[in-house]
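J.:
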Amino acid sequence: MTTTAADRSAVPGQAPAGVATHCPYCALQCGMTLTVADRTTGLPSPRVQVQPRASAAGLGRLCQKGWSAAELLEHPERLRTPLLREVPGDRTSRFVPSGWDEALDVVAAGIRAAQVAHGRDAVAVFGGGGLTNEKAYALGKLARVALRTSQVDYNGRFCMSSAAAAANAALGVDRGLPFPVRDLVGTGVLVLLGSNPAETMPPFMAHVQAVQEAGGTVVVVDPRRTPTAAAADVHVQPLPGSDMALLLGLLHVVLRDGLEDAAYVAGRTRGIEELRAAARRYWPERVERLTGVPAGEVGSLARLVASHAPVAGGRGAVLLTARGSEQHATGTDTVLAAIDLALVLGLPGRPHAGYGCLTGQGNGQGGREHGLKADQLPGYRSISDPAARAHVAGVWGVDPASLPGPGRSAYELLDACGRPDGPRVLLLAGSNPVVSAPRAGHVSDRLAALDLLVVTDLVMSETAAVADVVLPTTMWAEEDGTMTTLEGRVVRRRKAVDAPVGCRTDLQVLAGLADRLGAGTDFPADAFPAAPRLVFEELRRASAGGRADYSHVGWDAVAADGSDGVHWGSPRMFVDRFPTADGRAVLHAVEHRALVEDVDAEFPWLLTTGRVLAQYQSGAQTRRVPSLVRSAPSSFVEVHPVLAAAHGIGDGDLVRVTSRHGVAEAPARLTPTVRTDTVFMPFHWGGAGRANSLTPPALDPTSRMPEFKACAVRLERAAPVRGMTDPEETA
Ligand SMILES: Nc1nc2c(c(=O)[nH]1)N[C@H]1C(S)=C(S)[C@@H](COP(=O)(O)OP(=O)(O)OC[C@H]3O[C@@H](n4cnc5c(=O)[nH]c(N)nc54)[C@H](O)[C@@H]3O)O[C@H]1N2
Ligand SMILES: Nc1nc2c(c(=O)[nH]1)N[C@H]1C(S)=C(S)[C@@H](COP(=O)(O)OP(=O)(O)OC[C@H]3O[C@@H](n4cnc5c(=O)[nH]c(N)nc54)[C@H](O)[C@@H]3O)O[C@H]1N2
Ligand code: SF4
Ligand SMILES: [Mo]
């Protein structure tokens, strides 16, 4: 392990001045200072105290999740020892504690047996966008070098893959915000397409408010009147899954009325003629039929946004997408349409203007840059590109020909588990797909069909609970590393306290595994260091010259006192050119597509899903924090009173929601803020209230993003079954 100032000050029982780090949860990565209470003078709880610390994106604020993050460190349900099944191979038998050597030997033996019998791809790796850059890099490398499997992907596929695919195709690079977040202040109009930062990134609302205070207009496009929509100046409320038609309608009006930036379009883009032809077919009345947004609103929104474009003498317009518009089987084309609109109005590369995607997980950006995605190598390189393979193989000290090719995307990988041609062993770290994957009932069945499921986690997540081997890992305040924020800023995570004795860092776990797998293969014996700094230095070399190039980002610069991190690439991109072959951005003539599984007489309503403020993702962490559970104790179904009355459903009644893929039950929350034809469920809970029991497996053809945000359902009032309890519901 490397020793840093923070390490040295983290002596148990000694109170350091404070360790500068960042929140473990979302992509805003709000700054925090941790102080460790001196236990010799009593037992303050929690032992680690959190204080907000100024950072560019978080502005010295924290949300409820950040404030309470340290409560999990000493939680009684923290995993503190490796666990094996009492009867090996029998997942109905109970977990028994084991030593680390024994557990890692079992995993290595399982891997070897599967690969000997079924080939290299019989072992798969599934990671997460909450892992540090170093962990993401090492996990991707383990897959390619030690396991030599093509079967590796991660939950970022469920998150920003549509925005990533679109940005790469249109702009030549994929960085959530290609401009600093502070650029927002001063913009004339900010359009949030399917984003609810009031609940998902509360401190970000300070930036939104600053736009309004400087005289700018904020527009929210969301089927629900969320707290964000309520704070906006304009709320547009389309049907779930119809954003692309809405954007094509805006393009129609802009191009029809000659509001585009003709010089920018001519000088900096390609493809305007095809786009013009496509947009011509989306006149506002047609768009009204497809989206439910009145034709007049389509016209006025187009004129509002265009009036703030630089070509109209405006101060700038910013279009941001998030999961509401992206998590669809049409997600990539929807984002392409948003980028089309930004380009036609001449926004990207201009001050207070442009297109961006609000990333999600703590390291949602970095997670996809270092080779954890099925088709990518470090530096955001394509695994199919011979030059990229040669460069990375050189850094790894292996033969380029030994590197596998592209593998399956996240859902396809989970769906293939246990099938004759699919993975037999799955190593999973940083995700809880039993709760968070689409068609989760089916995904659980596939996991059950594996020969060996190995889960590394902090707590007994719903996925860990069905594993053969569970490995306990350290938490954010117990380790060093780097994370990359929504604006591409690489920031330092610092160790403040020692982990419980039985826990190991993910890097130590990977090093232990690689050690056991190394015999008889050609990768160097010291290829998997457990020290984050060494991994970071290697990651910089592996990324050098790639699309996401970290070679200029120094570990010490990121860690310098008072540093707010270092951007990879330039903070504001596209000023003079786009990183495409000819320097121009590419316009895409996209076409509206109906839902893959649309509503019909049997399933007449649309379910959309998302988040609440006090729970995070699959809830594995936040459902264990008492103050958060008090704020958000269980799953629910948001229903408009009109729709509820038609079904005889009252507020608080248990509702049964049925889709073509499963059933879920949760109490009704009656509210006029949701469309009358749409219901909403948060996805943070397992058990009966699991939203993903319902979601369809339809995937975007390009990004392989699942259709999380539009699912045909029917509703009924469920008679509460007497004595029905659901241990997972509040676990
Ligand atoms: N509290 C909390 N914060 C989080 C997280 C969390 O789990 N909890 N997770 C983090 C992560 S990983 C992510 S990815 C981000 C996500 O952040 P957001 O994208 O803001 O979150 P969501 O709630 O998934 O979706 C946003 C909105 O999309 C709307 N929506 C649904 N369908 C559609 C549609 O078809 N079109 C449009 N325009 N809108 C639609 C929903 O009503 C919802 O209000 O949040 C991050 N922050
Ligand atoms: N219906 C529906 N489903 C969705 C979404 C939606 O909007 N609607 N959103 C999707 C999105 S955007 C996302 S990002 C996914 C997220 O869904 P998941 O991938 O399930 O995300 P988390 O709950 O963050 O899972 C992280 C797991 O890793 C553990 N963990 C945390 N830190 C570490 C670490 O450092 N090392 C290890 N080994 N483990 C760690 C946590 O305890 C937790 O069990 O859900 C997707 N699913
Ligand atoms: S907004 Fe995100 S990073 Fe900031 S405190 Fe909340 S969860 Fe943490
Ligand atoms: Mo996400």
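Using full-length UniProt numbering, the first residue of the sequence shown is number 1, and each one after it goes up by one. Ideal Cβ positions, reconstructed from N, Cα and C, are used throughout, including at glycine.
Nearest by alpha-carbon distance to GLY502: which of TRP100, PRO52 and VAL48 is it?
T.: That would be TRP100, whose Cα lies nearest to the Cα of GLY502.
J.: Using the Cα positions of ALA337 and LEU248, report the straight-line distance between them to the nearest angstrom.
T.: Taking the straight line joining both Cα atoms gives about 7 Å.
J.: Answer yes or no: do ARG268 and ALA589 have a C-beta to C-beta separation smaller than 8 Å?
T.: No, the pair does not count as a contact, with Cβ atoms beyond the cut-off.
J.: Apply the 10 Å Cβ neighbour rule to GLN209 and answer buried if 16 or more other Cβ atoms are within range, or exposed otherwise.
T.: Answer is exposed; the Cβ neighbour count stays below 16.
J.: Am I right that LEU607 and SER659 are in contact with their C-beta atoms under 8 Å? What's the rounded C-beta distance?
T.: The pair is a contact, with the Cβ atoms about 7 Å apart (cut-off 8 Å).
J.: Taking 7 Å as the cut-off, is the C-beta of ALA17 nearer than that to any heavy atom in ligand 2?
T.: Answer for ALA17: no, Cβ out of range of ligand 2.
J.: Do the region 153-173 and the region 316-336 meet, that is, are 3 or more Cβ pairs less than 8 Å apart?
T.: They touch, by the three-pair rule.
J.: Does ARG268 have its Cβ less than 8 Å from a Cβ in chain B?
T.: The question asks about chain B, but that chain is absent: this structure has only one protein chain.
J.: Which value, in whole angstroms, describes the spacing of the CA atoms of THR33 and LEU426?
T.: Going from the Cα of THR33 to the Cα of LEU426 covers about 37 Å.
J.: Below 8 Å on the Cβ atoms is my guess for VAL454 versus GLU134; work out the distance and round it to an integer in Å.
T.: No, VAL454 and GLU134 are not in contact; Cβ-Cβ is about 20 Å, not under 8 Å.
J.: CB GLN617 to CB ARG408, shorter than 8 Å?
T.: No; because the gap between Cβ atoms is not below 8 Å, this pair is not in contact.
J.: According to DSSP, what are the bridge partners of TRP568?
T.: Paired residues: none, contrary to the question.
J.: Are the region 240-259 and the region 331-345 touching by the rule of at least three beta carbon pairs closer than 8 Å?
T.: As far as the Cβ criterion goes, the region 240-259 touches the region 331-345, which means the pair count is three or higher.
J.: My guess is that ALA263 and PRO310 are in contact by the Cβ rule of under 8 Å, so how many angstroms apart are they, rounded?
T.: Not really, about 10 Å apart at Cβ, beyond 8 Å.
J.: Shortest alpha-carbon distance to ALA342 belongs to which of GLY422, LEU372, HIS308 and GLU369?
T.: Of GLY422, LEU372, HIS308 and GLU369, the residue nearest in Cα terms is HIS308.
J.: Answer with buried or exposed for GLN51, where buried requires no fewer than 16 other C-beta atoms within 10 angstroms of its C-beta.
T.: Counting Cβ neighbours within 10 Å, GLN51 comes out exposed, since fewer than 16 surround it.
J.: Give me the Cα-Cα distance between ASP153 and THR81, rounded to the nearest whole angstrom.
T.: When rounded, the distance between both Cα atoms is 27 Å.
J.: Following the continuous beta strand (DSSP E) through THR321, name the residue where it begins and the one where it ends.
T.: That run of the beta strand (DSSP E) goes 317-321.
J.: Kindly provide the ranges of any alpha helix (DSSP H) runs that are 4 or more residues long and lie completely inside the region 406-485, ordered along the chain.
T.: The qualifying runs are 410-416, 433-436 and 440-448.
J.: So the alpha helix (DSSP H) GLY650 belongs to, where does it begin and stop?
T.: It is not in any alpha helix (DSSP H) - GLY650 carries neither H nor E in the DSSP assignment.
J.: Fully enclosed by the UniProt domain "4Fe-4S Mo/W bis-MGD-type" (16-77), which alpha helix (DSSP H) runs are 4 residues long or longer?
T.: Segments of the alpha helix (DSSP H) lying fully in the UniProt domain "4Fe-4S Mo/W bis-MGD-type" (16-77): 64-67.
J.: Could you pull the start and end residues of the alpha helix (DSSP H) that ASP101 belongs to?
T.: Run containing ASP101: 100-118, per the alpha helix (DSSP H) assignment.
J.: Return yes when the Cβ of CYS30 is within less than 8 Å of the Cβ of ARG61, no when it is not.
T.: Taking 8 Å as the Cβ cut-off, ARG61 and CYS30 qualify as a contacting pair.
J.: Exposed or buried, SER93, counting other C-beta atoms within 10 Å across all chains shown (16 or more means buried)?
T.: Per the 10 Å Cβ criterion, exposed.
J.: Using a Cβ-Cβ cutoff of less than 7 Å, which residues in the same chain neighbour ALA449 once the five nearest sequence positions on both sides are dropped?
T.: Closer than 7 Å at Cβ, skipping near neighbours: CYS417 and GLY418.
J.: Can you tell me whether DSSP reads TRP605 as helix, strand or coil?
T.: Reduced to three states, the DSSP call for TRP605 is strand.
J.: Starting from LEU190 and walking both ways along the alpha helix (DSSP H), at which residues does that stretch end?
T.: Note, LEU190: premise wrong, no alpha helix (DSSP H); beta strand (DSSP E) at 189-193.
J.: Helix or strand or just coil, what does DSSP make of TYR355?
T.: Strand, per DSSP.
J.: Around the Cβ of ASP439, are there at least 16 other Cβ atoms within 10 angstroms (buried) or fewer (exposed)?
T.: For clarity, residue 439 is Arg in the given sequence; the question names Asp instead. When all chains shown are included, ARG439 counts as buried.
J.: Who are the Cβ neighbours of ARG669 in its own chain at under 6 Å, not counting the five residues just before and after it?
T.: So the list reads PHE636 and GLU638, once near-sequence residues are dropped.
J.: Smallest Cα separation from GLY305: which of GLY346, PHE708, THR228 and VAL189?
T.: Rather than Gly, the amino acid found at residue 305 in this sequence is Val. Answer by Cα proximity: VAL189.
J.: VAL657 and VAL642 look like a contact to me (Cβ under 8 Å); what is the Cβ gap, rounded to whole Å?
T.: Rounded, the Cβ-Cβ distance is 17 Å, inconsistent with contact.
J.: I'd like to confirm something about GLY349: is its beta-carbon nearer than 7 Å to some heavy atom of ligand 1, or not?
T.: Every heavy atom of ligand 1 is 7 Å or more from the Cβ of GLY349, so no.
J.: Please indicate yes or no: does the CB of CYS417 lie closer than 7 Å to some heavy atom of ligand 4?
T.: It does not: the Cβ of CYS417 is nowhere closer than 7 Å to a heavy atom of ligand 4.
J.: Could you tell me whether any non-hydrogen atom of ligand 4 is closer than 7 Å to the CB of CYS63?
T.: Result no, Cβ not under 7 Å from ligand 4.
J.: Is the closest heavy atom of ligand 4 to the C-beta of GLN361 under 7 Å?
T.: Correct: GLN361 has its Cβ closer than 7 Å to ligand 4.
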